[in-house]
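In the numbering used here, the protein residues as written are -15 to 877.
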């Protein structure tokens, strides 16, 4: 810890840290750094001091105790504040100085940590304040607020206990608002609040202002590790910070009557990005009144009527701050008897729509350049532009929350099985359907594709439902444990309320909220600013951006979003169509090679037609097609699905016993590590032959039409090079046969998916055969950690809370472990390919991480050629790749 623990600011000066802007924010927190900066540029700020984040770190290291060396520094800084604010003393019974004590981390965490106002009031000083100001109502209003805030934040009293007392007081006096209470009423309320405090703390409210101050500093430090602050950092992936700073600042009062007030404003509209002054204020109030919704505030424009001089001054400060910070600002201000003071400025939180518009317009206004604009927009915020959203004007009641798995809002009638969705959609194609399941499996994809949204009671962000929903741009909420499903009764129960199949349910895949009933949505706005920002982003990035797509429509949508090829076409998703699943099951049930080939011959035309559509949609761009990957049992009904088994037996014209026997034969204790991937064509070569033939013949057909075709055949789950050698040889033979027969040559490549640790460790051997690598990070993460991505819900929240892991490794690449395997695999593979064939080994990623901004940055650093993600995350990956190339990201701000 550095020798200086506290930094003073006031007037037009602030003590210098000797650090650059980023270092100053890390030491003083965003709030403290900006308060000091506002002083330097001549904006009226009440004097104060900042206790550094290093002191917070030491506080925890010393068992939640303020370091001894910091105590005299705090006391000395307090004397400077007293001198700078007219000589008033903290706790002076005649003319007291009051201070606020606020948090302030390096990265903004609005509302997540503690604030205490009016600190320094005691039974003696409140009387002095009343006499000095001639406003006893103001004095006792300030005192009751202090007891409430200090009691609830520093001493753990329930805020509701204080609220009960003021509610009873208003009820007895016939008062509608807090401001309707008289000075005597508030004096009585102070007595009641002190009684609440004593009942909880078992001690009187402290009458020593210094004791109040140090207990308040402790409370702010403690709030750094409060539940909501921890959860916020987890959600926002904020890591590496040492703690919060504490800002102690002379109080100014907006609750001194009709010439006083307080407000919160943004220098631009945070919802739309429009260049208008946006915010609210209240007359005769303190800051928390605006935020808490106790009273209905007025729009900031009306301040021009109530306080015209103050409004003009505020408008000037708005302009000054934007020009200085070159960024939209979120400001807090207080007016005390006609005098304006600024209490905070910070980069304002905004929607993705607003972020894009502000960045682009600031370039046009000459405030920033294109590079800065690209760096400024958080990639994930683009979700707001790409997905339908629930109408913000609609009033909704959230009945439960799950994990926000795929963004956007959707309402639909509840159906509890994929089969029910398919059957309903056939008869009612225009209905909006909400597929509600405990969990989903590949067998559900037909119903998932037809559903408007997907809700599951189990699973995480990398579960099947989440992965597929994101790939299709469908809103999805998973892990909604409060929801109980009764398939027999065809009902679900949430928060004690029952919803029947056929009744409406709404989800918000952006927040994880679940609502009963129908909520309208609004279409995403694909503005010209969005296209402009993407053009700027593409100038700077090095990584190519491909998409994961299994159908022509998905491929076309991805191209619309700027995809430069397909990095993963999952052929198994093509097998579940109503017109082909029977042939797939016939192939699985076959007991001889000839019977299996006959069944595959029925599937082949469908596979070829799918590939033709995809190649046409991606004209001129490469298409990586993964051969069949999942275990065969996934194409048959589950063992306990009696009705499904009987249906399949009837369709296939075989006894139910035959289906059950085959399901038993295919049963595996751990199917994700069993008979799947390249192991399927090793044992049943005819499966691989059919798929390769469909790929090459489709490429030939599209090439005949004059389009450019670049197929890449990817063999999954290779662990030893001999697997790839065998399958590659057979694939080449099949491809050559097709081309010889057609008399047309098609350029193609054969590569593999690196998704096993052994493959990464022996990448030099595998690269001797593979023309490209694609890292399948979902499986690679599973195999490296020994975690099942569908079963981590029971322990992963604890791992994150206890900081065993910084982030869910299925959400963002584990750089230290999985990342090391990837880096090693790339280096070994490229060195080997270069040495043996004189060729560059093309490397990409096609797991869910391909659309995660932090993972994209990692992929850039290790030198990949491309990342591949779902169509609706292509713009996000484009922006993240640009920021990685520019060496800065919005997350660093």
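All C-beta atoms, glycine included, are put in the ideal place defined by N, C-alpha and C. Remember, predicted model here, so these are calculated numbers, not experimental data.
{"Check": "Residue 0 versus residue -9 - alpha carbon distance", "Outcome": "8 angstroms"}
{"Check": "Reduced DSSP secondary structure (H/G/I, E/B, other) of residue 659", "Outcome": "coil"}
{"Check": "Beta-bridge partners of residue 421, as assigned by DSSP", "Outcome": "440"}
{"Check": "Span of the alpha helix (DSSP H) around residue 316", "Outcome": "Segment 313 to 320 is the beta strand (DSSP E) holding residue 316; no alpha helix (DSSP H) there."}
{"Check": "Beta-carbon proximity list for residue 673, same chain, < 6 angstroms, skipping 5 on both sides", "Outcome": "718"}
{"Check": "Proximity of residue 134 and residue 189 at Cβ, strictly below 9 angstroms", "Outcome": "yes"}
{"Check": "Extent of the continuous alpha helix (DSSP H) run through residue 149", "Outcome": "143 to 157"}
{"Check": "Closest by C-alpha distance to residue 482, when choosing among 496, 500, 493 and 863", "Outcome": "500"}
{"Check": "Under the three-state DSSP convention, the category residue 795 falls into", "Outcome": "coil"}
{"Check": "Touch test, the segment 58 to 78 against the segment 96 to 112, Cβ-Cβ under 8 angstroms, three pairs minimum", "Outcome": "yes"}
{"Check": "Beta-carbon proximity list for residue 391, same chain, < 6 angstroms, skipping 5 on both sides", "Outcome": "367, 371, 493 and 494"}
{"Check": "The beta strand (DSSP E) enclosing residue 389, as first and last residue numbers", "Outcome": "387 to 390"}
{"Check": "Span of the beta strand (DSSP E) around residue 527", "Outcome": "Here residue 527 belongs to no beta strand (DSSP E), and DSSP marks it neither H nor E."}
{"Check": "Sequence-distant residues of its chain with Cβ nearer than 8 angstroms to residue 268 (five each side left out)", "Outcome": "163, 238, 239, 240, 241, 242, 244 and 245"}
{"Check": "Segments of 4+ residues assigned as alpha helix (DSSP H) that fall wholly inside the segment 691 to 732", "Outcome": "705 to 726"}
{"Check": "Whole-Å CB distance - residue 431 paired with residue 403, under 8 angstroms assumed", "Outcome": "7 angstroms"}
{"Check": "Residue 653 burial status per 10 Å Cβ neighbour count (16 or more: buried)", "Outcome": "exposed"}
{"Check": "DSSP-derived helix/strand/coil call for residue 22", "Outcome": "helix"}
{"Check": "Three-pair Cβ contact test at 8 angstroms for the segment 706 to 726 versus the segment 761 to 779", "Outcome": "no"}
{"Check": "Beta-carbon proximity check, residue 252 vs residue 338, cutoff 9 angstroms", "Outcome": "yes"}
{"Check": "First and last residue of the uninterrupted beta strand (DSSP E) at residue 246", "Outcome": "245 to 250"}
{"Check": "In DSSP terms, what residue 555 is bridged to", "Outcome": "Its beta-bridge partners do not exist; DSSP assigns none."}
{"Check": "According to DSSP, residues forming a beta bridge with residue 632", "Outcome": "In DSSP, residue 632 forms no bridge with anything."}
{"Check": "Residue 231 - partner residues in DSSP beta bridges", "Outcome": "34 and 86"}
{"Check": "Nearest neighbour of residue 898, chosen from 8, 781, 753 and -3 [CA to CA]", "Outcome": "As shown, the chain starts at -15 and ends at 877. That puts residue 898 outside it, with no answer to give."}
{"Check": "Collapsed DSSP secondary structure at residue 398 in the structure displayed", "Outcome": "strand"}
{"Check": "Exposure label - residue 100; buried when at least 16 CB within 10 Å", "Outcome": "buried"}
{"Check": "Residue 158 versus residue 192 - alpha carbon distance", "Outcome": "35 angstroms"}
{"Check": "Between the CA atoms of residue 37 and residue 885 - distance to the nearest angstrom", "Outcome": "Any question about residue 885 goes unanswered here, given that the chain covers just -15 to 877."}
{"Check": "For residue 74, the residue or residues it bridges with in DSSP", "Outcome": "81"}
{"Check": "Completely contained alpha helix (DSSP H) runs for the segment 105 to 143, where each covers 4 or more residues", "Outcome": "107 to 117 and 120 to 138"}
{"Check": "Euclidean distance between Cα positions of residue 136 and residue 180", "Outcome": "11 angstroms"}
{"Check": "Separation of residue 32 from residue 54, as counted between CA atoms", "Outcome": "16 angstroms"}
{"Check": "Local conformation of residue 762 per DSSP, three classes", "Outcome": "helix"}
{"Check": "Option nearest residue 259 by Cα separation, candidates 226, 312, 288 and 224", "Outcome": "312"}
{"Check": "Nearest candidate by alpha-carbon position, reference residue 196, set 547, 517, 413 and 127", "Outcome": "127"}
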